[in-house]
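Worksheet: the structure to be examined is printed underneath.
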Amino acid sequence: MNILKTLSASASALAMLASAAAAEISDGVVKIGVLTDMSGTYSDLAGEGAAVAAQMAIEEFGGTVAGAPIEIVTADHQNKADIAANKAREWGDTQGVDAFAELVTTSVALGVFEVAKQQNKIALVSGAASSPLTNDACIPTGLHWTYNTRALAVGTGSAVVKEGGDTWYFLTADYAFGEALQGDVAKVVEAEGGQVLGAAKHPFPASDFSSFILQAQASGAKIIGLANAGADTINAIKAANEFGVIASGQKIAGLLVFLTDVHALGLETAQGLQMTVSFYWDLNDETRAWSQKYFEKTGKMPTGVQAGTYSSVLHYLKAIEATGTDDTDTVLAKMREMPVEDMFANGGVLRTDGRMVHDMYLAEVKAPSESSGPWDYLKIVRTIPGEEAFGPLSESTCPTK
Amino acid sequence: MLTDLLGFPPQVLFGQLLLGLINGAFYAVLSLGLAVIFGLLNIVNFAHGALYMLGAFAALAAAKWLGISYWGALIIAPIVVGAFGIVIERLLLRRLAGVDHLYGLLLTFGLALVIEGTFVKLFGSSGMPYSTPASLQGGVNLGFMFLPWYRGWVVVASLAVCLATWLLFERTKIGAYLRAGTENPKLLQAFGVNVPLLTTLAYGYGVALAAFAGVLAAPITQVNPLMGSNLIIVVFAVVVIGGMGSIVGAVVTGLAMGVIEGLTKVFWPEASATVIFVVMAIVLVLRPAGLFGKAS
Amino acid sequence: MNTKIAYLIAIGLLLVAPLAIYPVFLMKLLCFALFASAFNLILGFGGLLSFGHAAFFGGAAYVTGHALKVWGLPTELGILVGAAVAGLLGLAIGSLAIRRQGIYFAMITLAMAQMVYFLFVSSDFTGGENGLQGVPRGKALGFIDLQDNLSMYYFVLAIFVIGYFVISRTVNSPFGQVLSAIRDNEARATSLGYDVDRYKLLAFVLSATLAGVAGGTKTVVFQLASLTDAHWHMSGEVVLMTLLGGLGTIPGPAVGAGIIITLQNYLASGPLGAWVPVVLGVIFVICVLAFRRGVVGELREVIRKSF
Chain A
14 MNILKTLSAS ASALAMLASA AAAEISDGVV KIGVLTDMSG TYSDLAGEGA AVAAQMAIEE
74 FGGTVAGAPI EIVTADHQNK ADIAANKARE WGDTQGVDAF AELVTTSVAL GVFEVAKQQN
134 KIALVSGAAS SPLTNDACIP TGLHWTYNTR ALAVGTGSAV VKEGGDTWYF LTADYAFGEA
194 LQGDVAKVVE AEGGQVLGAA KHPFPASDFS SFILQAQASG AKIIGLANAG ADTINAIKAA
254 NEFGVIASGQ KIAGLLVFLT DVHALGLETA QGLQMTVSFY WDLNDETRAW SQKYFEKTGK
314 MPTGVQAGTY SSVLHYLKAI EATGTDDTDT VLAKMREMPV EDMFANGGVL RTDGRMVHDM
374 YLAEVKAPSE SSGPWDYLKI VRTIPGEEAF GPLSESTCPT K
Chain B
348 MLTDLLGFPP QVLFGQLLLG LINGAFYAVL SLGLAVIFGL LNIVNFAHGA LYMLGAFAAL
408 AAAKWLGISY WGALIIAPIV VGAFGIVIER LLLRRLAGVD HLYGLLLTFG LALVIEGTFV
468 KLFGSSGMPY STPASLQGGV NLGFMFLPWY RGWVVVASLA VCLATWLLFE RTKIGAYLRA
528 GTENPKLLQA FGVNVPLLTT LAYGYGVALA AFAGVLAAPI TQVNPLMGSN LIIVVFAVVV
588 IGGMGSIVGA VVTGLAMGVI EGLTKVFWPE ASATVIFVVM AIVLVLRPAG LFGKAS
Chain C
310 MNTKIAYLIA IGLLLVAPLA IYPVFLMKLL CFALFASAFN LILGFGGLLS FGHAAFFGGA
370 AYVTGHALKV WGLPTELGIL VGAAVAGLLG LAIGSLAIRR QGIYFAMITL AMAQMVYFLF
430 VSSDFTGGEN GLQGVPRGKA LGFIDLQDNL SMYYFVLAIF VIGYFVISRT VNSPFGQVLS
490 AIRDNEARAT SLGYDVDRYK LLAFVLSATL AGVAGGTKTV VFQLASLTDA HWHMSGEVVL
550 MTLLGGLGTI PGPAVGAGII ITLQNYLASG PLGAWVPVVL GVIFVICVLA FRRGVVGELR
610 EVIRKSF
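Residue numbers (the working numbering), protein chains in the order written: chain A, 14 to 414; chain B, 348 to 643; chain C, 310 to 616.
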């Protein structure tokens, strides 16, 4: 009798121990799935570099967190929401992936959000820019790290209007991101007393912008706002040059320009361009040191998307370390509780709508004479405080905030 | 300053017309190549778009590694890619003699997948810049529109190539053979003409035309592995509209469709991607054999 | 008799398969097997190469998604609505395309499908580049929760079996016989008094409708519909599946779909991931040059010769 009692007691103790271990780290490993554009329009600004950045965060932890090894899996979603969502679903169902990271382009992030919501897994969004991700389209486990279209509008949009660019025509990438960016910038332009004359939607991605540039030319707007990104922005600026847009007095405003775009365009073409950035490698000693390490691995300086991927993965791992578990709700609560402190964000705050609030920067592209060499491209004009860039939480329309 | 035409500023109207004409020139050169190939091989070359892309890549590679200028590439790329086409014809297409012509379409579709897939893997899908030759940079303000020199050159060069092809077919001995081969290859063979060689040359020439168009397009659209992938389907529609009967038919239909597309961009931009397909549907209802086709 | 046993074994395997294999993968496989079998109706038995079947597959995918997500229809009804729209689309495209034959038929279907694709790109209800996301799976027969992958699998399996049965019955019916006669010799069929165009069109519409069933079901499984479903690469893929499995054989296309989907899945997770289109292209070329009977056709040939 006694023996039986002891047996059953020890059995239940064993079971409790087992379940406690399970509650610590599910299947004994922390697995992060990096879904990004490895070969397409956004591969330079995110892509392989984002995977490297995530890897750097893992290395900082020495490859283990809370006693469990950290693994990373990557996949190329080709900027297609269906490929991304299917991959994320499969990773979650069969590979035990605990969090999805990077997720450039809004359509991809939205697709992965659906899966993350169903599987109750954390989505660390870096590259996707649309502000709806923490508004109407928000999910409890979706974290928007690097920037958003509202911040870009507040930065570049208002700066351009203040300099007299008060009539706008948009060239907009025809998907969720383009619409969100155009919408946010139009709001700022109108609030500052400017006027939006029209917009042309172009296919994503587009190679020949000449016909859209003609429409923009005909609008007579002072500013042609490029509500697109990556290779699309580069091609649009080139077409504008070819058709004499600049010569005829219209100005181009790139609303989402990355360091890699400036690199591709060259300072001769890009000089004077204003851009809102979440990160620049040459901000301080910390950013310089990290970027140097990144440069040694990739041969390029990081974009904000890549640095943001690093920061989001690092913060996620810190929360696991602090709580000793990879349980989604526990980790999420810890991530919100701790300020985001690393070379990317200084005292960043993770809000309940999923927005990570940190300072943004308005920058201007240097003239060739001001630059000391490759990658020395930007001067910071103004620091935009996080609250101003992203707005207060009360503004968020996220239903679960 | 001219007054607005039909409510549209002249810059827009003429600008879009010019762009339409340029697209039309590409349609013309590509559908001309398809027609030449179809005439002798009786297959529709689905790889035409991929070979057009190869032309652009050949120009890019020539500039990067051999320092060959745009003008050199305009001659070399069609020759190199044309030679590649000849290899394809000899090694693969030839084996399909005697089976349903649909297999030719399927084979070239497979080839298109292989070629485009390989280039996407090697170079990514975002495209690489190829700069406009220095002598054609800039443009001129004509008052009613701004004409970039390079765009004007594209129209002139395409039309010249179309004219040269027409002269080749209509005014030379080899052209006479080619036409005879289209009509009755067996009889031509009986006269002692080497028809298989003629077939190979026809395929090579059609492919070279595609590559030529690719070089012309390189400075405009960026050199992109998928640049020919959607274009080829539009060109198919153009071919259905015109019928693959004649050289003049292919060229005229190509240009006309480009212009119609350009005008649609002015008056109803949303429909510009579909207008050619709509025209195709209408032509099929009214004249199933195509505008220049012979009723079969 | 032998085929009956083979089918029973196949169904038995399909019933236990999800115990060993990831059900979502199996569901994808079944959807494409149905798609390819439907496509074979027009290519294998009608002799018409349609290069535009993605329009029906993708069109139904969107309509089903919209019906479930926005109208809140029950799952079965949503799929049927999608299939019906695909059938109407088939009627429209088919009546234009059958005006020409052979290569022109292929080019016309391709062009019309491309037009439909552009319409989807610019339509609001499809979500354009974003795709139509977050489609609810709903409940089968009103009470089986399909959110569970296993229930969903048996639901898809049932649809597949019904679709396959319809196709095989059609092929063996008098209608199917006439269709094959037209494929083999159109002039003779005409002279025998058959209204050839009517038969072709009917087969085309039926094929489009069943392709629509496959597309709609796929949307329910993945809970999203996207431009990939309607892109011409999809049209090409289904040609390849059919060709590889065996043109004009009833089980061939399903086998072909199985091979291609497995291959894609297998390659995608390995170092060859980015080479998938190239591998498909190579298979295409090999099939056309040396393997025109396809897997099932070749197998039959081997069996015929050895007995």
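From the three backbone atoms N, C-alpha and C, an ideal C-beta is built for every residue, glycine too.
Selection from the options that minimises the alpha carbon distance to residue i
i             : options                       : result
residue 317/A : 50/A, 59/A, 360/A and 41/A    : 59/A
residue 335/A : 50/A, 74/A, 41/A and 56/A     : 74/A
residue 359/C : 606/C, 591/C, 551/C and 614/C : 551/C
residue 355/A : 324/A, 301/A and 162/A        : 324/A
residue 447/B : 427/C, 406/C and 357/C        : 357/C
residue 603/B : 590/B, 585/B and 592/B        : 585/B
residue 362/A : 158/A, 84/A and 91/A          : 158/A
residue 281/A : 390/A, 261/A and 72/A         : 390/A
residue 542/B : 457/B, 474/B and 388/B        : 388/B
residue 488/C : 509/C, 448/C, 472/C and 437/C : 509/C
Rounded separation between residue i and residue j - CA only
i             : j             : result
residue 560/C : residue 500/C : 32 Å
residue 545/B : residue 525/B : 7 Å
residue 437/B : residue 547/B : 7 Å
residue 150/A : residue 440/B : 52 Å
residue 451/C : residue 142/A : 39 Å
residue 353/C : residue 476/C : 12 Å
residue 35/A  : residue 42/A  : Summary for residue 35/A: the model assigns pLDDT 44, below 50, so the residue's position carries little reliability; its value from the coordinates is reported in the next sentence. Cα to Cα, residue 35/A sits roughly 11 Å from residue 42/A.
residue 366/B : residue 490/B : 17 Å
residue 263/A : residue 213/A : 16 Å
Secondary structure of residue i, DSSP reduced to three states
i             : result
residue 34/A  : Residue confidence for residue 34/A is low, a pLDDT of 44 falling below 50, so the modelled location carries little weight and cannot support an answer.
residue 195/A : helix
residue 573/C : helix
residue 328/A : helix
residue 595/C : helix
residue 442/B : helix
residue 282/A : helix
residue 405/A : coil
residue 427/B : helix
residue 287/A : strand
residue 503/C : coil
residue 639/B : coil
residue 359/A : strand
residue 589/B : helix
residue 138/A : strand
Extent of the continuous beta strand (DSSP E) run through residue i
i             : result
residue 45/A  : 43 to 49
residue 89/A  : 81 to 89
residue 488/B : 486 to 488
residue 182/A : 180 to 186
residue 219/A : Premise fails: residue 219/A is in no beta strand (DSSP E) and is neither H nor E.
residue 113/A : 112 to 115
Start-to-end residues for the alpha helix (DSSP H) that takes in residue i
i             : result
residue 369/B : 357 to 388
residue 399/B : 395 to 412
residue 290/B : The question about residue 290/B has no answer, for chain B in this structure spans 348 to 643.
residue 72/A  : 60 to 73
residue 368/C : 363 to 378
residue 105/A : Looking at the DSSP string, residue 105/A is not in any alpha helix (DSSP H), and its letter there is neither H nor E.
Proximity of residue i and residue j at Cβ, strictly below 8 Å
i             : j             : result
residue 342/A : residue 414/A : no
residue 664/B : residue 455/B : Shown here, chain B extends from 348 to 643; a query on residue 664/B therefore has no answer.
residue 618/C : residue 526/C : A query on residue 618/C cannot be resolved here, the shown segment of chain C reaching from 310 to 616 and no further.
residue 288/A : residue 410/A : no
residue 640/B : residue 590/B : yes
residue 417/C : residue 587/B : yes
Beta carbon proximity, residue i to chain F, threshold 8 Å
i             : result
residue 280/A : Here chain F cannot be found, since the structure's protein chains are A, B and C.
Heavy atom of the ligand HEM within 7 Å of residue i beta-carbon
i             : result
residue 161/A : No copy of the ligand HEM appears in this structure; indeed no ligand is present at all.
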